[in-house]
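Reading through the C-alpha cells given below for one structure.
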Amino acid sequence: MTLYDEKFFNLIRNLGGEVVTELLKVQSINSARTLLRMTDVYSFLDLDSDGTTVIKPGVANNINYIFTLLRFKKEQLKEKEKNVDYESDMLYSLVQNNPLLKALTRWYQKAEQLPFTEKQTLLPTLIDNITNNLSKSTNNYRYDELVQRFAVILYILGGKFAYNFVRLNLVCALPCPTTITNLIKDKHLKLNEAEFRFDVLEQHFMSKNSKYGFASEDTTGIIKKVVYNTDTNSFIGFCTPLDNGVPVAHHFRTESFYQLKEWFAYVEKAALLNLHMIQPLSQDVTTSSSFILSAYGISNTFTSSDIVQKWIYIFNECSSRNIRIIGFATVKQRNLPKEALNIFLFSSQPCESTFENARALSGIYHTVVNFTAADFLRRSEKLSILNEEKCNNVLDENDRELKFPIHHKESRVYYDSLSKNIILAAFNRAKELVSNLNILPSLKECNACELNGLSKNISDSIRFNINSDNYLATYSDSSSDSESDYDDEAMESNEFDSDLINVDEEDKDAAMTRNFDEIKTEKINFT
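So that you can map any letter, position 335 of the sequence shown is 347 in my numbering, and since no number is skipped, the others follow by simple counting.
The structure is reproduced here in C-alpha cells:
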C-alpha cells in the first residue's frame with residue numbers, strides 16, 4: 013500500500029503484465045491508493061467516434077485481480093492497525109493498574125538519559141535478567157555474566173543457606189547452587205596441600221602487568237584433624253615432610269590400610285598451618301591482590317636452614333618465570349616488627365589477613381571459628397576469587413563492576429607510582445652527601461656512580477651469593493648455636509592438647525598455639 017512510481021509499476025508489471033502497466037501510466041495512476049480511488053479505469057477509452065470500446069478479456073481480468081488484491085491488503089492493514097490500538101490500550105491499562113509496572117516504566121525512562129557506564133550496573137542487568145526468565149521454563153533460564161559474578165560472590169560471603177534463601181525468594185534472579193559450584197571450579201584456583209602454584213602465579217602476574225613481587229610467610233594454629241582428599245587421593249592433616257626445606261606434596265598417599273594405620277599411630281598431626289603468599293608490585297597498589305602460593309600443615313620443629321632453602325627454591329622458581337622476588341618476610345611469633353606498621357607490602361600482613369578472612373567464612377552453624385588444614389585449602393579457593401573480583405573492579409573502571417563495602421577506617425587514597433625523576437633526584441642527593449668523604453673515585457672504579465650500574469652490581473652480587481654453597485654453610489654455622497638452644501627449649505615445651513580450642517580475641521592467629529615455642533627466622537631482602 014505504500015509503493016509509488018517505479019516500484020508500484022514493477023509490482024503491476026509482475027501481476028498484470030506490460031499492457032496493464034501502460035494503461036495505468038497513461039492515466040498517471042502511480043500508487044495503490046490512487047488506483048483504489050478510481051471508479052472506472054476504462055473511462056479514457058470512451059473517446060472513440062462510435063462510442064464503443066473493446067477490452068481484451070485478459071486485460072480486464074488482470075485489472076480486476078489487482079483491484080481485488082489491493083482491497084484485500086487494505087483490509088488487512090486496517091485490521092492490523094486495530095490490533096495495535098487494542099494492544100496499546102491494553103498495555104496502558106495494565107501499566108496504570110499495576111504500581112510496579114508504572115514505577116518500572118518511569119525508571120526506564122530516566123535510565124535512557126543516564127551515561128552508558130551507569131547503565132552497566134547490577135540493578136538494571138538483574139531486572140532485565142528476571143523479566144527475560146519469567147517467560148521461560150526453569151530449564152531454559154539464562155543469566156548475564158554480571159549476574160553470575162554477583163551470585164558467586166554472594167554464595168561465598170553468605171554461605172549456602174543464605175544464598176538459597178535469597179534465591180528461593182527472588183524467583184528467576186539467581187542460578188542454582190550447582191551452577192555456582194561449577195563456576196567456582198571453572199576459575200581453576202583450587203589449592204592442594206604443599207603444592208606451589210608457580211604456573212598460576214605467572215598468569216596472575218601477567219594479568220597485573222607486573223614483574224616484581226614480595227613474598228611473605230606465616231603460620232597459624234589449626235584444629236588437628238586428618239581428612240581424605242578425593243581429588244588428590246591423599247590424606248590431609250599430617251605434618252608435611254620437608255625435602256631440603258621444600259614440603260613434599262601428596263606424601264600421604266596409599267592404598268594400604270596398614271600403612272594408614274601406621275601413619276595415625278606414629279606420624280604427628282599438624283597443629284600449625286604454614287602459608288606462603290606473593291604480593292605483586294604494580295604501579296597502582298589498589299589493583300595488586302596478593303596471591304596464595306602454597307599452604308600445608310607443619311609441626312613446630314624446623315630449622316632456620318630449612319626456611320632459607322625454601323625461600324631460595326621460591327626465588328629460583330619465580331626467576332625462571334621472569335618474576336623477580338625482591339624480598340621475603342616472616343614474623344617471629346608474638347613479635348611484630350615496627351616496619352610492618354609503616355610499609356604494608358613488605359611484611360607478613362597478607363598472610364594475617366588471609367587467616368582472618370578464612371575464619372570469617374565459617375558457616376552459621378559452626379560453634380568454632382577455627383579451621384582444619386582441609387578447611388583452609390577449600391576456603392582459600394573462594395578467597396582467591398574474592399580478591400580477583402575486588403581488584404578487577406578497580407582495574408577496569410569502564411567494565412561492569414560490583415560494589416564492595418569499604419570499612420570507614422580503610423584508606424580511600426590511591427597511591428601514585430613513584431616518579432623516575434624523584435628516584436634520580438634522591439640518588440644524586442646521596443652522591444652529594446658522600447662527595448665530602450673523597451670516596452667518589454672508588455665508586456667510579458666499581459661502576460657505582462650511576463644508578464643503572466649500581467643496581468646491576470648489587471643484583472649480580474646477591475644472585476651469586478644465594479646460589480653459592482658457602483652462603484648456606486655460613487648461614488648455618490652462624491645460627492647453629494641459636495638453633496641448638498632452640499632445640500633444647502623445644503624439648504621442654506608443653507604438648508599441644510588437640511581437644512582444647514581457645515580463641516584469643518586480641519590475637520586470632522594465636523589461637524590453639526598458646527604453648528608453642530618461637531620460630532627464630534631472619535628477614536632477607538633482595539634489591
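We put the CB at the ideal spot given by N, CA and C, even for glycine.
Which partner residues of residue i appear in the DSSP bridge assignment?
i      : result
Arg391 : None; Arg391 has no bridge partner.
Gly309 : Leu285
Pro259 : Leu254
Gly225 : Pro292, Ile337
Phe264 : BP columns for Phe264 are empty, so no partner.
Thr231 : Asn286
Ser473 : Answer by DSSP bridge pairing: none, since Ser473 is not bridged.
Thr342 : Glu229
Phe303 : Ile290
Taking its Cβ as the centre, do 16 or more other Cβ atoms sit within 10 Å of residue i, making it buried, or is it exposed?
i      : result
Asp255 : exposed
Leu445 : exposed
Phe340 : buried
Thr232 : buried
Ala115 : exposed
Ile159 : The question names Ile, but residue 159 is Val in the sequence shown. Flag for Val159 reads buried.
Phe508 : Residue placement at Phe508 cannot be trusted, given a pLDDT of 33 that sits under 50; what the coordinates show is reported in the next sentence. Buried.
His216 : buried
Leu201 : buried
Val32  : buried
Leu126 : exposed
Asn399 : buried
Ala442 : exposed
Lys220 : buried
Trp119 : exposed
Phe177 : exposed
Asn469 : exposed
Asn110 : exposed
Arg424 : The pLDDT assigned to Arg424 is 48, lower than 50, so where the model puts this residue is not dependable; a value taken from the coordinates is nonetheless given after this. Label assigned to Arg424: exposed.
Ile397 : buried
Arg265 : exposed
Ile451 : exposed
Lys92  : exposed
Leu89  : exposed
Leu36  : buried
Glu413 : buried
Lys394 : buried
Could you spell out the range, first to last residue, of the alpha helix (DSSP H) harbouring residue i?
i      : result
Leu120 : The question names Leu, yet the displayed sequence has Tyr at residue 120. Counting along the chain, the alpha helix (DSSP H) containing Tyr120 begins and ends at 111 to 123.
Val159 : 157 to 181
Val320 : 316 to 331
Asn194 : 189 to 198
Tyr153 : Looking at the DSSP string, Tyr153 is not in any alpha helix (DSSP H), and its letter there is neither H nor E.
Leu134 : 134 to 146
Asn369 : 361 to 372
Pro453 : 452 to 457
Phe546 : This structure cannot speak to residue 546, because the chain is shown only from 13 to 539.
Glu462 : Unbroken run through Glu462: none, as it is neither H nor E.
Phe217 : 210 to 219
Determine the extent of the beta strand (DSSP E) in which residue i is found, giving its start and end residues.
i      : result
Asn241 : 239 to 241
Phe247 : 246 to 248
Under the criterion of a Cβ to heavy atom distance below 8 Å, does residue i qualify as lining the ligand GDP?
i      : result
Ile248 : Judged by which ligands are present, the structure shown has none, so any question about the ligand GDP falls away.
Using 8 Å as the cut-off, can you tell me whether the region 306 to 315 makes contact with the region 278 to 290, which would need three or more C-beta pairs spanning the two stretches below that distance?
yes
Cβ contact check for the region 271 to 280 and the region 209 to 228: 3 or more pairs under 8 Å:
no
What alpha helix (DSSP H) runs, 4 residues minimum, are completely inside the region 17 to 41?
17 to 28, 30 to 38
Three or more C-beta pairs under 8 Å: does that hold for the region 385 to 404 against the region 244 to 261?
yes
Are the region 206 to 214 and the region 176 to 192 touching by the rule of at least three beta carbon pairs closer than 8 Å?
no
The region 261 to 269 touching the region 365 to 372, judged by at least three CB pairs closer than 8 Å:
no
Can you confirm whether the region 431 to 442 touches the region 327 to 337 when touching is taken to mean that 3 or more C-beta pairs between the two stretches lie within less than 8 Å?
no
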